[in-house]
Every structure is written in structure tokens, then in C-alpha cells.
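Asks:
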Amino acid sequence: MESAPCAAAPPTNASSGATGAVSTAKRPAAASPTRLSRSPTRSRAPQHAHNLIIYKATQPSAPAQVNLSSLGILYIAYHWECLTGALGGPLTHIVTVPSTRGRQGPHPIETIITNRIRLPRLQPLVNTNYSPDDRDFHADRFWLPPGAATGARVLLMDDTWTSGGRIQSLAYMLKATGAAGVAAVVLGRHVNPEYGPARTLIRQLRAAPRFDLTRCALEDSGRTGT
Ligand SMILES: [Zn+2]
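The sequence shown stops at residue 515 when you use the working numbering, and every number in between is there.
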């Protein structure tokens with residue numbers, strides 16, 4: 290994949306867009322806020338939040354799929370080198386957080402993004418002892434055969450960050466199964482402005498609301514690995 294290293298991108302004070310983060314901690318993986326939005330259950334949801342719902346509806350929206358596919362693939366292309374740099378080497382595998390609701394067939398994010406990235410795919414299974422609505426961290430929420438991810442540097446993708454519990458559970462499992470590193474990328478994040486701990490994040494996003502695809506979460510966190 291050709292990429293435009295974010296280190297060469299012009300400086301920006303934009304604040305939102307698809308972002309990634311690299312997990313180096315033993316336990317939780319990291320993922321980053323990507324888009325300020327209201328809860329999808331609220332009316333008048335912003336367009337990006339709306340797209341994240343209708344792209345995988347029973348009758349999926351083709352324009353929403355094009356929008357999100359472009360966002361995800363361009364983000365990964367722009368930040369490919371900083372992701373691999375932070376992981377200490379080339380990405381070796383890609384994985385998507387599987388549906389906890391028993392959806393049949395490929396997850397829509399696989400159709401519009403991850404299947405277009407030529408990396409071997411990991412296919413974790415879901416522990417059905419947990420409720421599909423459970424958004425807490427669980428070390429055993431997902432499962433891969435022992436050794437399946439040994440030494441892997443994994444690009445972990447999900448469409449939406451709500452609590453982070455599922456993506457962190459999957460990143461934990463990948464590391465427990467032997468992954469050398471996990472870079473998590475999500476397309477959007479729901480932020481409830483009435484939730485106290487979210488207010489600092491909302492203030493930061495509102496202070497620099499211009500979206501810029503070249504802005505990198507790794508640069509923000511000082512973890513570009515270069
Ligand atoms: Zn970057």
C-alpha cells in the first residue's frame with residue numbers, strides 16, 4: 290500500500306477524524322477518539338454518527354459506505370508508516386472486532402475496508418456467555434487458538450468506539466495469544482456530553498473543530514515510534 294507518512298503532513302490544529310493508537314501496555318489496548326458525536330439514540334445525530342448506523346442497516350446506505358470506506362482507507366494510508374513504526378515493524382495481520390450479536394456473514398466494516406487491505410486476517414470467536422450488549426472489558430470476551438497471533442503486529446479495526454470495552458478486550462486477547470503489538474483504529478466515537486469524564490475531551494474537540502485527515506493520534510500522544 291502506498292502511504293503518505295504523517296510526519297510529512299503539514300501541521301494542523303484539527304481535532305477530529307479517524308485515528309489510531311498503538312497499544313504497548315500489557316492489559317488494555319488503546320484506541321482513540323475519532324469523531325465528536327451525540328449518542329446514536331438521539332435525534333438529529335450529526336452526519337458521521339448517522340453514517341455509522343446506516344452503513345450497516347438492514348438496507349445499507351451505499352453513500353454512507355463510500356463515505357466511511359474512504360475515511361478508513363485514506364486514514365490508514367496516511368498513517369501507515371507511523372503505525373508500523375510504532376509497532377516496531379511492518380503490520381502482519383488485520384482483525385475486526387466481531388459482531389457480538391451473531392450477525393451472519395462478514396461484518397460490514399470488513400466489506401468496505403479491511404477486506405481491501407492485503408494483510409492476513411485473524412478471525413476471533415465471541416464468548417457467548419456475555420450479553421451482546423455488554424460493553425465492559427472482559428479478558429475472555431474473544432478467543433483465538435493458542436499461538437494464532439504469536440509475534441504478530443496487528444491492525445485492529447472497529448467502526449465505533451462507545452465504551453472501548455470490546456476493542457480493549459480483543460486487543461488484550463491478541464496480546465495474550467502472543468501478538469507483538471496491536472494498533473487500533475476506529476472510524477468514530479460516541480461522546481455523551483452529559484457524562485462528566487467526557488467533558489474535557491469535548492472541550493478539546495470544540496477548541497479545534499476542523500477535521501483534518503492527516504492529523505495523527507500518535508503524533509498527539511508522542512508515540513510515533515520515530
Ligand atoms: Zn500518523
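Think of the CB as a built atom: it goes at the ideal place given N, C-alpha and C, for glycine as much as any other residue.
Distance check for L433 and T503, CA to CA, integer angstroms please.
Replies: Within the sequence shown, numbered from 1, the residue matching residue 503 stands at position 214. Within the sequence shown, numbered from 1, the residue matching residue 433 stands at position 144. C-alpha separation (whole angstroms): 34 Å.
Asks: Which residues share a DSSP beta bridge with M446?
Replies: Translated into positions along the sequence shown, residue 446 becomes position 157. Paired residues: T385 and V474.
Asks: For R331, count the other beta carbons within 10 Å of its own beta carbon; 16 or more makes it buried, fewer makes it exposed. Which is it?
Replies: To locate residue 331, count along the sequence shown from 1; it is residue 42. Its pLDDT being 44, under 50, R331 is placed unreliably in this model, and the coordinates cannot settle the point.
Asks: Taking the DSSP output, what are the residues bridged to L463?
Replies: The sequence position of residue 463 within the sequence shown is 174, counting from 1. Answer by DSSP bridge pairing: none, since L463 is not bridged.
Asks: The alpha helix (DSSP H) with I401 in it runs from where to where?
Replies: Working through the sequence shown from its first residue, we reach residue 401 at position 112. Start and end: P397 to I401.
Asks: Starting from G394, follow the alpha helix (DSSP H) in both directions and report where the run begins and ends.
Replies: Within the sequence shown, numbered from 1, the residue matching residue 394 stands at position 105. Per DSSP, G394 belongs to no alpha helix (DSSP H) and is neither H nor E.
Asks: Is L459 near ligand 1, with its Cβ less than 6 Å from a heavy atom?
Replies: What you label residue 459 is simply residue 170 of the sequence shown in a count that begins at 1. No, ligand 1 has no heavy atom inside 6 Å of this Cβ.
Asks: Could you have a look at R488 and say whether DSSP puts it in helix, strand or coil?
Replies: Residue numbering aside, residue 488 sits at position 199 when the sequence shown is read from its first letter. In the structure shown, R488 sits in a helix (DSSP, three-state: H, G or I).
Asks: Give me the Cα-Cα distance between L490 and L376, rounded to the nearest whole angstrom.
Replies: Counted from its first residue, the sequence shown places residue 490 at position 201. Counted from its first residue, the sequence shown places residue 376 at position 87. Between L490 and L376, the C-alpha separation is close to 26 Å.
Asks: Between Q354 and Y344, which are expected to be in contact by the criterion C-beta below 8 Å, what is the C-beta distance as a whole number of angstroms?
Replies: Counting from 1 along the sequence shown, the entry for residue 354 is found at position 65. Counting from 1 along the sequence shown, the entry for residue 344 is found at position 55. Yes, Q354 and Y344 are in contact; Cβ-Cβ is about 5 Å, under 8 Å.
Asks: May I have a chain-ordered list of the beta strand (DSSP E) segments no shorter than 3 residues that lie completely inside the region 411–444?
Replies: Within the region 411–444, no run of beta strand (DSSP E) reaches 3 residues while sitting entirely inside it.
Asks: Should Q412 be labelled buried (16 or more other beta-carbon atoms within 10 Å of its own) or exposed?
Replies: Within the sequence shown, residue 412 is the residue found at index 123, counting from 1. Exposed: under 16 other Cβ atoms inside 10 Å.
Asks: Who are the near neighbours of L408 in its chain, counting only those whose CB is closer than 8 Å to its CB and skipping five residues on each side?
Replies: Within the sequence shown, the letter at position 119 stands for residue 408. Answer for L408: L380, T381, H382, I383 and L444, listed in chain order.
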